[in-house]
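Chains as they are written, first to last, in the working numbering: chain E, 1 to 304; chain Y, 305 to 608.
Glycine included, C-beta positions come from ideal geometry on N, C-alpha and C.
Reading through the structure tokens given below for one structure.
2 protein chains.
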Amino acid sequence: MEKFEVHILGCGAALPTPHHFCSSQIVNIREKLFMIDCAEGVQMQLRRSHIKFSHINNIFLSHLHGDHCFGLLGLISTFALLGRHSTLHIWGPQPLKQLYQPQIDFFCQGIEYDIVLHEIDTKSREVIYEDHSVTVETIPLKHKIRCCGFLFREKQLPRHIRRDVIDAYNIPVCYINNIKAGQDYVMPDGEIIPNNILTTPADPVRSYAYCSDTMFKPDNAEQLQGVDLLYHEATFKKEHELLSKKTFHSTTHQAAEMAKLSNAKKLIVGHLSARYENEEEILNECKEVFPDTILANENMCIKV
Amino acid sequence: MEKFEVHILGCGAALPTPHHFCSSQIVNIREKLFMIDCAEGVQMQLRRSHIKFSHINNIFLSHLHGDHCFGLLGLISTFALLGRHSTLHIWGPQPLKQLYQPQIDFFCQGIEYDIVLHEIDTKSREVIYEDHSVTVETIPLKHKIRCCGFLFREKQLPRHIRRDVIDAYNIPVCYINNIKAGQDYVMPDGEIIPNNILTTPADPVRSYAYCSDTMFKPDNAEQLQGVDLLYHEATFKKEHELLSKKTFHSTTHQAAEMAKLSNAKKLIVGHLSARYENEEEILNECKEVFPDTILANENMCIKV
Numbered sequence: 001m002e003k004f005e006v007h008i009l010g011c012g013a014a015l016p017t018p019h020h021f022c023s024s025q026i027v028n029i030r031e032k033l034f035m036i037d038c039a040e041g042v043q044m045q046l047r048r049s050h051i052k053f054s055h056i057n058n059i060f061l062s063h064l065h066g067d068h069c070f071g072l073l074g075l076i077s078t079f080a081l082l083g084r085h086s087t088l089h090i091w092g093p094q095p096l097k098q099l100y101q102p103q104i105d106f107f108c109q110g111i112e113y114d115i116v117l118h119e120i121d122t123k124s125r126e127v128i129y130e131d132h133s134v135t136v137e138t139i140p141l142k143h144k145i146r147c148c149g150f151l152f153r154e155k156q157l158p159r160h161i162r163r164d165v166i167d168a169y170n171i172p173v174c175y176i177n178n179i180k181a182g183q184d185y186v187m188p189d190g191e192i193i194p195n196n197i198l199t200t201p202a203d204p205v206r207s208y209a210y211c212s213d214t215m216f217k218p219d220n221a222e223q224l225q226g227v228d229l230l231y232h233e234a235t236f237k238k239e240h241e242l243l244s245k246k247t248f249h250s251t252t253h254q255a256a257e258m259a260k261l262s263n264a265k266k267l268i269v270g271h272l273s274a275r276y277e278n279e280e281e282i283l284n285e286c287k288e289v290f291p292d293t294i295l296a297n298e299n300m301c302i303k304v
Numbered sequence: 305m306e307k308f309e310v311h312i313l314g315c316g317a318a319l320p321t322p323h324h325f326c327s328s329q330i331v332n333i334r335e336k337l338f339m340i341d342c343a344e345g346v347q348m349q350l351r352r353s354h355i356k357f358s359h360i361n362n363i364f365l366s367h368l369h370g371d372h373c374f375g376l377l378g379l380i381s382t383f384a385l386l387g388r389h390s391t392l393h394i395w396g397p398q399p400l401k402q403l404y405q406p407q408i409d410f411f412c413q414g415i416e417y418d419i420v421l422h423e424i425d426t427k428s429r430e431v432i433y434e435d436h437s438v439t440v441e442t443i444p445l446k447h448k449i450r451c452c453g454f455l456f457r458e459k460q461l462p463r464h465i466r467r468d469v470i471d472a473y474n475i476p477v478c479y480i481n482n483i484k485a486g487q488d489y490v491m492p493d494g495e496i497i498p499n500n501i502l503t504t505p506a507d508p509v510r511s512y513a514y515c516s517d518t519m520f521k522p523d524n525a526e527q528l529q530g531v532d533l534l535y536h537e538a539t540f541k542k543e544h545e546l547l548s549k550k551t552f553h554s555t556t557h558q559a560a561e562m563a564k565l566s567n568a569k570k571l572i573v574g575h576l577s578a579r580y581e582n583e584e585e586i587l588n589e590c591k592e593v594f595p596d597t598i599l600a601n602e603n604m605c606i607k608v
């Protein structure tokens, strides 16, 4: 299987504590690194997770609350000090440009790489990024300010060649790519060798969804159908449902309900509040609704 | 002696590394906490040093390079989340207001305390802060952008009462403050008891100077004469003097020379560069010129 994994750099809510950094993650898809959110301390956490700074070319900010973006300017500066030359793309809701362009102009004078700020519409589902291996789609969320999640969907991989059969039919190497793509092979005598004899199926396409911060938004389940890994915020325990509504956050049960409605294969809950000393209780509440839940933690790496 | 100590929260140059956070300090004078510089990660460092967030009312920024101020917005937000109500004063060079007011307006909407931004003139020596126990004076520095250091000077403390003598003369308690301030006491029969019988001298007045970032600026020695503790940057070893000049920084020898010229009692060198693996060499170079030197380190606390 090609690499597709999520590194949790921080999963705490509101402010850094002795237990948690604030929200930042790295999604590694075939050694391309995508950053989601960029909280204070993110550089230190990248080092602890042994992640290569130079492989990060895209940063997706869910929203412009400090606990999701106060590490951005420091990271931009550090990229420059480390000799970066490749363009950095930063995606986030309005007023990303108005807020960050003056800061970048002031603090990052003379840096030797380009920074492109992309403002995204948080109300619609849109593919905002695409390359040969992945698409990134916005997930509309409901928070106090403009906010969206991100759905990373692998593109279809080629089928696996059956080396022994290829050899047996003496098929020249120049046909291999077409066969991987699903074509049959026509022998010199006209005999057709069907593709399913020459190959085994491609690995299934995987997906990862990041939903933080948001109140319960069940209509997102359609977009998230069958997602392999869902990261969802669970800022409050179920007893604090009123408070969660008031602050536009989700409870444990709501996070788990989203996983259930979405037929997610696995749920990871984060945006953990310092309000709760025993985080196992958060996990257990989620498991009541969706058993295949894990609790996010710093420097954890989850294979999708 | 009343408390006067310096907590090093970070003393690295340019970017946070596994060894050092960037520049931030707390000066504790009689339980009033003054912050100097405010780099990324400063909140985590405050917690590690067990420093009370609520006792910090004044933050002095030497200059607006990211490695000296990227922790500011996070700290402001955390103050709010911790329920702060008292006014926070932030001092720094232009364009402090232009740069930070829009950020504060956006990220700190609805916070329940006031923030006052004070722009300081980095070219002159000025008392920018004064209360009953301390004055803070700017020290003009020479760096790539507007930059100044800060000289914390304790105010004269009262003389110490000699309890036994006071009792022997049966002096009423209402005269004690005047006697502490140096007055003689007149007995009911007109006899004058001179102050030096009633008291012992006050503790000597102490001072602390923070000089970072700057190139060698020997004319500052006059202002710093007799300082008890001098924190001076030593970003480069002596072999890199040309580079230090080019980047408007100081070498080890220059930092030590400043301590010597200033007749400082003790030197602490910081703004340590990741360029040098063995920091003992930095220390040793300083000691060649000024023996009473120590090397800054995170979570170190030095009594002035």
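Alpha-carbon spacing of residue i relative to residue j, whole angstroms
i, j, result
"Y/TYR512", "Y/ALA560", "16 Å"
"E/ILE115", "Y/VAL608", "45 Å"
"E/HIS65", "Y/ALA506", "51 Å"
"Y/ALA322", "E/GLU285", "Before going on, a small fix: residue 322 of chain Y reads as Pro here, not Ala. Straight-line Cα distance between these residues: approximately 37 Å."
"Y/CYS515", "Y/LEU534", "8 Å"
"Y/ARG334", "Y/ILE606", "14 Å"
"E/ARG125", "Y/MET339", "45 Å"
"E/GLY92", "E/LEU99", "11 Å"
"Y/MET604", "Y/PHE308", "14 Å"
"E/ASP184", "E/TYR175", "10 Å"
"E/PRO140", "E/LYS180", "36 Å"
"Y/HIS544", "E/HIS132", "47 Å"
"E/ARG153", "Y/CYS452", "51 Å"
"E/GLN45", "Y/PHE364", "27 Å"
"E/HIS253", "E/LEU243", "14 Å"
"E/ARG163", "E/PHE53", "37 Å"
"E/HIS89", "E/PRO95", "16 Å"
"Y/GLU495", "Y/ASN474", "13 Å"
"Y/ILE497", "Y/LEU599", "49 Å"
"Y/GLU441", "Y/SER577", "27 Å"
"E/ARG48", "E/ILE56", "16 Å"
"E/PRO158", "E/ILE166", "16 Å"
"E/GLY12", "E/ASP37", "12 Å"
"E/ASN196", "E/ILE128", "35 Å"
"Y/THR290", "Y/PRO476", "Lying outside 305 to 608, the shown extent of chain Y, residue 290 of chain Y is not represented and no answer is given."
Listed by chain order, chain Y residues near residue i by CB distance under 7 Å
i, result
"E/MET44", "PRO320, GLY345"
Neighbouring residues, chain E, relative to residue i (Cβ below 7 Å)
i, result
"Y/LEU682", "Given a span of 305 to 608 for chain Y in the structure shown, any question on residue 682 of chain Y remains unanswerable."
"Y/THR382", "LEU15"
"Y/LEU385", "ALA14, LEU15"
"Y/PHE411", "GLY66"
Bounding residues of the beta strand (DSSP E) (the contiguous stretch that carries residue i)
i, result
"E/PHE34", "32-38"
"E/ARG153", "148-154"
"E/ALA256", "Not the beta strand (DSSP E): E/ALA256 falls in the alpha helix (DSSP H), residues 252-261."
"Y/GLN329", "328-333"
"E/GLY12", "Unbroken run through E/GLY12: none, as it is neither H nor E."
"E/LEU64", "Per DSSP, E/LEU64 belongs to no beta strand (DSSP E) and is neither H nor E."
"Y/ILE475", "No beta strand (DSSP E) contains Y/ILE475, which DSSP labels as neither H nor E."
"E/HIS89", "88-93"
"E/ILE294", "293-295"
Where residue i meets chain E, residues with beta-carbon distance less than 9 Å
i, result
"Y/ARG351", "PRO16, THR17, PRO18"
Chain-ordered chain E contacts of residue i [CB-CB under 8 Å]
i, result
"Y/PHE357", "Per Cβ cutoff of 8 Å: no residues; Y/PHE357 is ~10 Å from chain E at best."
Alpha helix (DSSP H) segment containing residue i, residue limits
i, result
"E/VAL269", "Where E/VAL269 is concerned, there is no enclosing alpha helix (DSSP H), although the beta strand (DSSP E) it sits in stretches over 266-270."
"Y/THR383", "Correcting the residue type first, residue 383 of chain Y is Phe in the shown sequence and not Thr. 376-385 is the extent of the alpha helix (DSSP H) around Y/PHE383."
"Y/SER548", "545-550"
"Y/LYS607", "From DSSP, Y/LYS607 is part of no alpha helix (DSSP H) but of the beta strand (DSSP E) over 604-607."
"E/CYS211", "First-last for E/CYS211: 207-211, but that is the beta strand (DSSP E), not the alpha helix (DSSP H)."
"Y/ILE586", "583-593"
"Y/LEU350", "346-352"
- prompt: Listed from N- to C-terminal order along the chain, which residues in the region 398-409 of chain Y have their beta-carbon within a distance smaller than 9 Å of any beta-carbon of chain E?
  reply: Within the region 398-409 of chain Y, those residues whose Cβ lies closer than 9 Å to any Cβ of chain E are, in chain order, PRO399, GLN402, LEU403, PRO406, GLN407.
message: Quick check on the DSSP output: what are the complete beta strand (DSSP E) runs of length 3 or more inside the region 408-449 of chain Y, in order along the chain?
response: Counting only runs of 3 or more residues that sit fully inside the region 408-449 of chain Y, the beta strand (DSSP E) segments are 419-424, 431-434, 438-444, in chain order.
field: Start-end ranges of the beta strand (DSSP E) lying completely within the region 181-229 of chain E, minimum 3 residues
entry: 207-211
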